[in-house]
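One structure below.
Numbering (the numbering used here), first residue to last: -8 to 340.
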C-alpha cells in the first residue's frame, strides 16, 4: 500500500500452534461453530479430535463422518465418560454452557467453553470454582485474544507508542435474524452474548474492567436484545470505550484504539485474523502485517486457542494468562449489567 511505510517495527507473534503438545479432544455439540473447530484445529495444529457428541446419534454420526472423527456419541454423558479424552470443547448454545462444562469437569476433563462462557457471572464463577477444586483447566474460547494481530496490537499499546489511551471502539453486527437460537430466550438468545461479547472483550483486553457501564438498546417481541450500544468508563484512566452490536444487519465489524500520540485502526472483521494500521501524529503510518495490497490474511484462527489449552494442560496450569478466569468474570459481569439496564432476563435465572 503506497501510502504506508514499507515495514512496521518488529512485533511479537503467538507461539506456533504446531509446537504445542497434542491433546485428545472431544467436541460436545455438533453445530456450526463445532464444525469450524473440527476443520481448523487438527489441520493447523497437532491437536487430535477423536470424539464428538450430539443429543441425536444420527447427527453425531454425520458430523463424525464429515470431519473424520473416529467416535460419535448420542449423549453428552457418554462423551465426557470416555477415558481416552483429555479435554472437552463445549460448543452448545449459551444456555447449556454452565451445565455441560460442569458435566465435563465432574468427569475429570479439562474444558474449553465457547463464548459467551455462560449466561451470567454467577454461572461462570461456579464453573471456575469447580475447575479449581478439581485441579482442572478451564477457559473461555475467546479465540480473538490469541490471534496474531491481537498479540501484535497489545504489544504496541503496552510499548506506549500510542501515548495515553483515550478511546477504544469496536462493532459487531451480523444479519442473523433467521437463526432460531438467537431469537429464543430459553437458549439465552440475543445479540449481546453472541456478538456483543467480542467488542466488550476487545475493550477489556486493553483497558480491563470498567468502572461504569451505560447501555442503550432495543428488545425483540420475545424479550431478547436485538441491538445495543454500550459506553464504558474506567477509574484509572480517561479512556472511554464504546461497544456496539446488532443481529439485524452486517456492520463494518472494525475496531480502533485512539491515543494521544497515535491511532490504531483494525480492519474488519476485527475478531478474525486481520490487519491493522498505526497512524502516528508525527511520522508515516504503517500496516501490520506488511501484506501487499489486496493480499488476503491467512484464514483460520481456532488453532491458537486450542494450542494455548494444550500448553497450559501440559504445564499443569489451570488457567490461561491471555484469557484468565478473572477476565471472563469481568466481561460476564459487564454483560450482566447491560442486560439489567436493557431488561433482558433469561428463563431460569
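Heads up, the beta-carbon is just placed ideally off N, CA and C, and yes, glycines get one too.
Helix, strand or coil at residue -3 [DSSP, three-state] | Along the chain shown, read from residue 1 onward, the residue named residue -3 stands at position 6. In this prediction, residue -3 scores a pLDDT of 49, lower than 50, which makes its location untrustworthy; no coordinate-derived value is stated.
Rounded distance between the beta-carbons of residue 301 and residue 13, thought under 8 angstroms = Within the chain shown, the letter at position 22 stands for residue 13. Within the chain shown, the letter at position 310 stands for residue 301. That pair is a contact at about 7 angstroms.
Using 8 angstroms as the Cβ pair cut-off and three pairs as the minimum, do the region 99 to 113 and the region 155 to 166 touch?
-> Touching, no.
By a C-beta neighbour count over all protein chains shown, 10 Å radius and 16 as the cutoff for buried, is residue 252 buried or exposed?
-> Position 261 of the chain shown, counted from the first residue, corresponds to residue 252. That one is exposed.
Going by DSSP, name the residue or residues bridged to residue 271.
-> Numbered from its first residue, the chain shown carries residue 271 at position 280. Beta-bridge pairing links residue 271 to 253.
Output the distance between the C-alpha atoms of residue 212 and residue 11, rounded to the nearest integer angstrom.
-> Sequence index remark: in the chain shown, residue 212 carries index 221 (1-based). Sequence index remark: in the chain shown, residue 11 carries index 20 (1-based). Roughly 47 angstroms between the two C-alpha positions.
How many angstroms separate the CA atom of residue 55 from the CA atom of residue 5?
-> Position 64 of the chain shown, counted from the start, is the residue given in the question as residue 55. Position 14 of the chain shown, counted from the start, is the residue given in the question as residue 5. Distance between the alpha carbons of residue 55 and residue 5 is about 30 angstroms.
Answer yes if the region 189 to 207 comes into contact with the region 265 to 280, meaning at least three C-beta pairs across the two stretches below 8 angstroms, and no otherwise.
-> no
Apart from the five residues on each side of it in sequence, which residues of its chain come closer than 7 angstroms, Cβ to Cβ, to residue 338?
-> Stepping through the chain shown from its first residue, residue 338 is reached at position 347. The residues are 176 and 177.
Which partner residues of residue 216 appear in the DSSP bridge assignment?
-> Within the chain shown, residue 216 is the residue found at index 225, counting from 1. Beta-bridge partners of residue 216 (DSSP): 210.
Contacts around residue 309, its chain only, beta-carbon distance under 8 angstroms, and the 5 residues preceding and following it disregarded | By one-based count along the chain shown, residue 309 stands at place 318. Cβ within range, chain order: 122, 123, 126, 127, 128, 129 and 303.
Can you give me the Cβ contacts of residue 298 inside the same chain, cut-off strictly under 6 angstroms, excluding the 5 residues immediately before and after it?
-> Here residue 298 refers to the residue found at position 307 of the chain shown. Around residue 298: 8, 11 and 36.
Reference residue 89; option with closest CA among 72, 116, 78 and 70 | Locating residue 89 in the chain shown gives position 98, where the first residue counts as 1. It is 116.
Between 235, 186, 110 and 58, which lies nearest to residue 208 when the distance is taken from Cα to Cα?
-> Start at 1 with the first residue of the chain shown, and residue 208 comes out as number 217. Checked all of 235, 186, 110 and 58; the closest Cα to residue 208 is 235.
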